[in-house]
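**Student:**
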Amino acid sequence: MSERARNIASVAVIAVLAVALILLTSTRPATVDRVEQIGTRIKCPVCQGESIANSPSQMAEDMMDLVSERVSAGVPDQQIIDELLSSYTGAVLLDPPASGNTLVLWLAPLVALALGIVVILWWRRHPGPGSADERPSPGKSRTRLVIGGVVLVLAFAGIVVVAANSLQDRPAAAAGAADIDQQDLSEVSNETLEAVIAANADDPQINGMRLALAERYFDESDYRSAFPHYLVVAEDRNSTDSEAITALVRLGWMAYDGNSEVDTATRLIDEALAIDPESHVALYVKARVLWCGAGEAEQAVETFQVLLADPSLAAGTRTQVEADLELASNGGECP
Amino acid sequence: MPLTGRVLRWTGLAVVGVTVVLAVVLASRFGSDPGLVDSPLLGKPAPEFALEGLDGSDGATLSDLRGDIVVVNFFASWCLECRDEHDDLVAASESFADQDVKFVQVAYQEEPAESLDYLAEAGASDSTLYLADPGSRTAIAYGVFGIPETFFIDQDGTVVGKIIGEADALILGATIDSIRNGEQPGQQITGDTQQRPGA
Numbered sequence: 167m168s169e170r171a172r173n174i175a176s177v178a179v180i181a182v183l184a185v186a187l188i189l190l191t192s193t194r195p196a197t198v199d200r201v202e203q204i205g206t207r208i209k210c211p212v213c214q215g216e217s218i219a220n221s222p223s224q225m226a227e228d229m230m231d232l233v234s235e236r237v238s239a240g241v242p243d244q245q246i247i248d249e250l251l252s253s254y255t256g257a258v259l260l261d262p263p264a265s266g267n268t269l270v271l272w273l274a275p276l277v278a279l280a281l282g283i284v285v286i287l288w289w290r291r292h293p294g295p296g297s298a299d300e301r302p303s304p305g306k307s308r309t310r311l312v313i314g315g316v317v318l319v320l321a322f323a324g325i326v327v328v329a330a331n332s333l334q335d336r337p338a339a340a341a342g343a344a345d346i347d348q349q350d351l352s353e354v355s356n357e358t359l360e361a362v363i364a365a366n367a368d369d370p371q372i373n374g375m376r377l378a379l380a381e382r383y384f385d386e387s388d389y390r391s392a393f394p395h396y397l398v399v400a401e402d403r404n405s406t407d408s409e410a411i412t413a414l415v416r417l418g419w420m421a422y423d424g425n426s427e428v429d430t431a432t433r434l435i436d437e438a439l440a441i442d443p444e445s446h447v448a449l450y451v452k453a454r455v456l457w458c459g460a461g462e463a464e465q466a467v468e469t470f471q472v473l474l475a476d477p478s479l480a481a482g483t484r485t486q487v488e489a490d491l492e493l494a495s496n497g498g499e500c501p
Numbered sequence: 015m016p017l018t019g020r021v022l023r024w025t026g027l028a029v030v031g032v033t034v035v036l037a038v039v040l041a042s043r044f045g046s047d048p049g050l051v052d053s054p055l056l057g058k059p060a061p062e063f064a065l066e067g068l069d070g071s072d073g074a075t076l077s078d079l080r081g082d083i084v085v086v087n088f089f090a091s092w093c094l095e096c097r098d099e100h101d102d103l104v105a106a107s108e109s110f111a112d113q114d115v116k117f118v119q120v121a122y123q124e125e126p127a128e129s130l131d132y133l134a135e136a137g138a139s140d141s142t143l144y145l146a147d148p149g150s151r152t153a154i155a156y157g158v159f160g161i162p163e164t165f166f167i168d169q170d171g172t173v174v175g176k177i178i179g180e181a182d183a184l185i186l187g188a189t190i191d192s193i194r195n196g197e198q199p200g201q202q203i204t205g206d207t208q209q210r211p212g213a
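Shown next, in the form of structure tokens:
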């Protein structure tokens, strides 16, 4: 057989194999019905690489039933597939579309085939070095073989590393109460805070958020909504001293301001002072309740003076206390 | 070196190089989870549904709820992540009960009786609609890959948000808050989803 004939025979064998491969992987039995045909094109979304026609999963069965219904209704195949794509994207197509990014998957085998043919033809027309002198020595050949092997091993190691790093890790489970205090609460609605607090009621870390929500309600004079949250914080053993004092003082003020219950208010504020006798907020609110609610201006003046004697009193608070003290000392009405 | 040797060497190197590049490109997609792609429903009209209640009651249609923000959650008793998020869904539903927000929980690939037993055990919210989905028609229409998955539909009936995985009250509330502010929160992935055992 001439060299030309051998070349033609080689190309023919490769072409026949390629066509056979394409036919084997793409043709489907002509006898299967439309439902089956569509089903073999749709990937089961809850399976690994199985079509809905071949998967035994419940989801695949449900999707096949849906396809069957649509076929019975006379809907064209492509429209049925498009309907599924509108919910699932191309992720449910077993054969990637021959367009866009996935076009390379269809072209790659053809390009590889063409390259292979070119290389074989080139090889046939340009046989290797004729004389032994031109051939590399056995030592050189071994070295090249070793280098080639090392390159291949490194290349595949690189593939493994890239593949491993490319795995799309799902993030950890949803944020728990531990992450709540890290949120910017100013952007969170009262309803959201209520939901978070209700869902994490047993978590001691939730008290900070509970107090923040209660303070929002308090600032809006919504005592009814604030009350249960302050009560929980005041009674919770896990609350910090600062949280408990704030809650007790607010409860006291609401008892006086909302229900005119001066005794209850005084008792609650005294509970706060039992935790910290020098609490500025507790002393100030107690003085206000004594002055405004009980009409005990003298006791209020004494309490204002105790506060002013504390050098750590904030400047803004000191100014307010001095004004109140002057007014109460002169028999003025509680503002 | 003879021309033929050089050509063969470079051809060999080129083949190895192309193979490696192609393999890396393909390998980099091996780990991609189709369930994590952005839902094509985002920004589109939400698929209509008309589902019966789990207890056989009239249930609801999506169009009945138009004008409110609708939170559609797919759940099942066999789904551990669903159990983890259940209290948060109940709390969020009750917290927003007086607001323009409706919670709908659709049982996924489960007999209604099983879902009802689960709700009796875990606790249900009076303000949530618990619906059956025979044949997974609604789950398929929403492109559910696994559960829990939660969809957020704005007042105009457009899908504007999706949570894949367990949702907590803060995420639910913050997503609703952003929709009320006219924003489109988009898709958030918070954790794993589950398939029906044996699927």
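Taken in order, these protein sequences are the chains called A and B.
Be aware that the first sequence starts at 167, since it is given in this note's numbering, and climbs by one per residue.
Be aware that the second sequence starts at 15, since it is given in this note's numbering, and climbs by one per residue.
All C-beta atoms in this analysis are idealised placements derived from N, C-alpha and C, irrespective of residue type, glycine included.
Along the segment 229 to 240 of chain A, what residues have a CB closer than 7 angstroms to any CB found in chain B?
**Tutor:** Of all residues in the segment 229 to 240 of chain A, M229, D231 and L232 have a Cβ within less than 7 angstroms of some Cβ in chain B.
**Student:** Considering only residues of the same chain and omitting the five flanking positions on each side of F63(B), which have a CB-CB separation below 6 angstroms?
**Tutor:** Residue numbering aside, residue 63(B) sits at position 49 when the second sequence is read from its first letter. The residues are L76 and T152.
**Student:** Counting along the chain, where does the beta strand (DSSP E) carrying Q123(B) start and finish?
**Tutor:** Position 109 of the second sequence, counted from the start, is the residue given in the question as residue 123(B). Unbroken run through Q123(B): none, as it is neither H nor E.
**Student:** DSSP on A460(A), reduced to helix/strand/coil?
**Tutor:** Walking along the first sequence from the start, residue 460(A) turns up at place 294. Residue state, collapsed to three classes: coil.
**Student:** If you scan the segment 204 to 281 of chain A from start to end, which runs of the alpha helix (DSSP H) of 4 or more residues do you find wholly inside it?
**Tutor:** 224 to 238 and 243 to 254, all fully within the segment 204 to 281 of chain A.
**Student:** Taking one C-beta from the segment 138 to 157 of chain B and one from the segment 110 to 119 of chain B each time, how about it: are there three or more such pairs within less than 8 angstroms?
**Tutor:** Counting Cβ pairs under 8 angstroms, three or more are found: they touch.
**Student:** Return the first residue and the last residue of the alpha helix (DSSP H) that H202(B) is part of.
**Tutor:** Your numbering for residue 202(B) matches position 188 in the second sequence. Reading off the sequence, residue 202(B) comes out as Gln, not His. It is not in any alpha helix (DSSP H) - Q202(B) instead sits in the beta strand (DSSP E) that spans G200 to I203.
**Student:** Is there contact here, the segment 168 to 177 of chain B with the segment 193 to 201 of chain B, by at least three beta-carbon pairs under 8 angstroms?
**Tutor:** Yes: the two stretches touch, three or more of their Cβ pairs being nearer than 8 angstroms.
**Student:** Could you compute how far the alpha carbon of A171(A) sits from the alpha carbon of A184(A)?
**Tutor:** Within the first sequence, numbered from 1, the residue matching residue 171(A) stands at position 5. Within the first sequence, numbered from 1, the residue matching residue 184(A) stands at position 18. One C-alpha to the other measures close to 20 angstroms.
**Student:** Am I right that V451(A) and G418(A) are in contact with their C-beta atoms under 8 angstroms? What's the rounded C-beta distance?
**Tutor:** Position 285 of the first sequence, counted from the start, is the residue given in the question as residue 451(A). Position 252 of the first sequence, counted from the start, is the residue given in the question as residue 418(A). With a Cβ gap of about 6 angstroms, V451(A) and G418(A) count as contacting.
**Student:** Quick one: which chain A residues come within Cβ less than 9 angstroms of R210(B)?
**Tutor:** Taking the first residue of the second sequence as 1, we reach residue 210(B) at position 196. Result: V212, S223, Q224 and M225.
**Student:** Might you give, ordered along the chain, the residues of its own chain that have their beta carbon closer than 6 angstroms to the beta carbon of A338(A), omitting 5 neighbours on each side?
**Tutor:** Counting from one through the first sequence, the residue named residue 338(A) turns up at place 172. Unreliable positioning characterises A338(A) in this predicted model, as indicated by a pLDDT of 49, which lies under 50. The coordinate reading is nonetheless provided below. Nothing listed; no residue qualifies.
**Student:** Beta strand (DSSP E) containing I178(B): first to last residue?
**Tutor:** The count along the second sequence starts at 1 and reaches residue 178(B) at position 164. Counting along the chain, the beta strand (DSSP E) containing I178(B) begins and ends at V173 to I178.
**Student:** Cβ of V30(B) less than 8 angstroms from any chain A Cβ?
**Tutor:** Along the second sequence, read from residue 1 onward, the residue named residue 30(B) stands at position 16. Yes, contact with chain A.
**Student:** S109(B) touches chain A at which residues, Cβ-Cβ below 8 angstroms?
**Tutor:** Taking the second sequence and counting its residues from 1, the one referred to as residue 109(B) is at position 95. Those within 8 angstroms of S109(B) in chain A are E357, T358, E360, A361 and A364.
**Student:** Which of the three DSSP states is assigned to V179(A) in this structure?
**Tutor:** Here residue 179(A) refers to the residue found at position 13 of the first sequence. Three-state DSSP puts V179(A) in a helix.
**Student:** Locate the beta strand (DSSP E) running through T164(B), then write down its first and last residues.
**Tutor:** Here residue 164(B) refers to the residue found at position 150 when the second sequence is read from its first residue. Where T164(B) is concerned, the enclosing beta strand (DSSP E) stretches over E163 to I167.
**Student:** Give the residues of chain A in contact with P54(B), contact being defined as C-beta atoms less than 9 angstroms apart.
**Tutor:** By one-based count along the second sequence, residue 54(B) stands at place 40. Under the 9 angstroms cutoff, chain A gives L251, S252, S253, Y254 and T255.
**Student:** In angstroms with no decimal places, state the Cα-to-Cα distance between S176(A) and L287(A).
**Tutor:** Reading the first sequence from its first residue, position 10 is the one you call residue 176(A). Reading the first sequence from its first residue, position 121 is the one you call residue 287(A). Those two C-alpha atoms are separated by around 9 angstroms.
**Student:** Could you check whether the Cβ of A321(A) sits closer than 8 angstroms to any Cβ belonging to chain B?
**Tutor:** Here residue 321(A) corresponds to residue number 155 of the first sequence, with the count starting at 1. By this cut-off, A321(A) is an interface position.
**Student:** Is A60(B) helix, strand or coil by DSSP?
**Tutor:** If you number the second sequence from 1, residue 60(B) lands on position 46. Three-state result, A60(B): coil.
**Student:** From I204(A) to V212(A), what distance separates their C-alpha atoms?
**Tutor:** For the purposes of this step, residue 204(A) is taken as residue 38 along the first sequence, with counting starting at 1. For the purposes of this step, residue 212(A) is taken as residue 46 along the first sequence, with counting starting at 1. Going from the Cα of I204(A) to the Cα of V212(A) covers about 17 angstroms.
**Student:** Could you tell me whether the segment 492 to 501 of chain A touches the segment 475 to 482 of chain A, using the rule of 3 or more Cβ pairs below 8 angstroms?
**Tutor:** Short answer: they don't touch.
**Student:** Going by DSSP, which residues form a beta bridge with A215(B)?
**Tutor:** Outside the displayed span of chain B (15 to 213) sits residue 215(B), for which this structure offers no information.
**Student:** Would you verify that the beta carbon of V398(A) is, or is not, closer than 8 angstroms to some beta carbon of chain B?
**Tutor:** For the purposes of this step, residue 398(A) is taken as the residue at position 232 of the first sequence. Not one chain B Cβ lies under 8 angstroms of V398(A).
**Student:** Cβ closer than 7 angstroms: which chain B residues qualify as neighbours of V285(A)?
**Tutor:** As a position in the first sequence, residue 285(A) is number 119, starting the count at 1. Ordered by position in chain B, the residues that pass the 7 angstroms Cβ test against V285(A) are T25.
**Student:** In whole angstroms, what is the alpha-carbon distance linking I174(A) and E216(A)?
**Tutor:** Taking the first residue of the first sequence as position 1, residue 174(A) is located at position 8. Taking the first residue of the first sequence as position 1, residue 216(A) is located at position 50. Whole-angstrom Cα-Cα distance: 40 angstroms.
**Student:** Under 8 angstroms between C-beta atoms, does L76(B) make it to chain A?
**Tutor:** Sequence index remark: in the second sequence, residue 76(B) carries index 62 (1-based). For L76(B), the answer is no, since every Cβ of chain A falls outside 8 angstroms of its Cβ.
**Student:** Along chain B, which residues have their Cβ under 7 angstroms away from the Cβ of V354(A)?
**Tutor:** If you number the first sequence from 1, residue 354(A) lands on position 188. G187, A188 and D191, listed in chain order.
**Student:** Taking 8 angstroms as the CB-CB cut-off, is I161(B) touching chain A?
**Tutor:** Position 147 of the second sequence holds residue 161(B). Answer no: the Cβ-Cβ gap between I161(B) and chain A never drops below 8 angstroms.
**Student:** Identify which residue in A274(A), N366(A) and V284(A) has its Cα closest to the Cα of V32(B).
**Tutor:** Numbered from its first residue, the second sequence carries residue 32(B) at position 18. Taking only the C-alpha atoms, the option nearest V32(B) is A274(A).
**Student:** What does D69(B) touch in chain A if you count any residue whose Cβ is under 7 angstroms from its own?
**Tutor:** Within the second sequence, residue 69(B) is the residue found at index 55, counting from 1. Chain A residues near D69(B): none, gap ~22 angstroms exceeds 7 angstroms.
**Student:** Anything in chain A within Cβ reach of Q151(B), meaning under 8 angstroms, just list it in chain order.
**Tutor:** Translated into positions along the second sequence, residue 151(B) becomes position 137. The sequence as given places Arg at residue 151(B); Gln does not occur at that position. By Cβ distance, chain A contributes D228 and L232.
**Student:** From A28(B) to S253(A), what does the alpha carbon distance come to, in whole angstroms?
**Tutor:** In the second sequence, counting from the first residue as 1, residue 28(B) sits at position 14. In the first sequence, counting from the first residue as 1, residue 253(A) sits at position 87. Approximately 41 angstroms between the Cα atoms of the pair.
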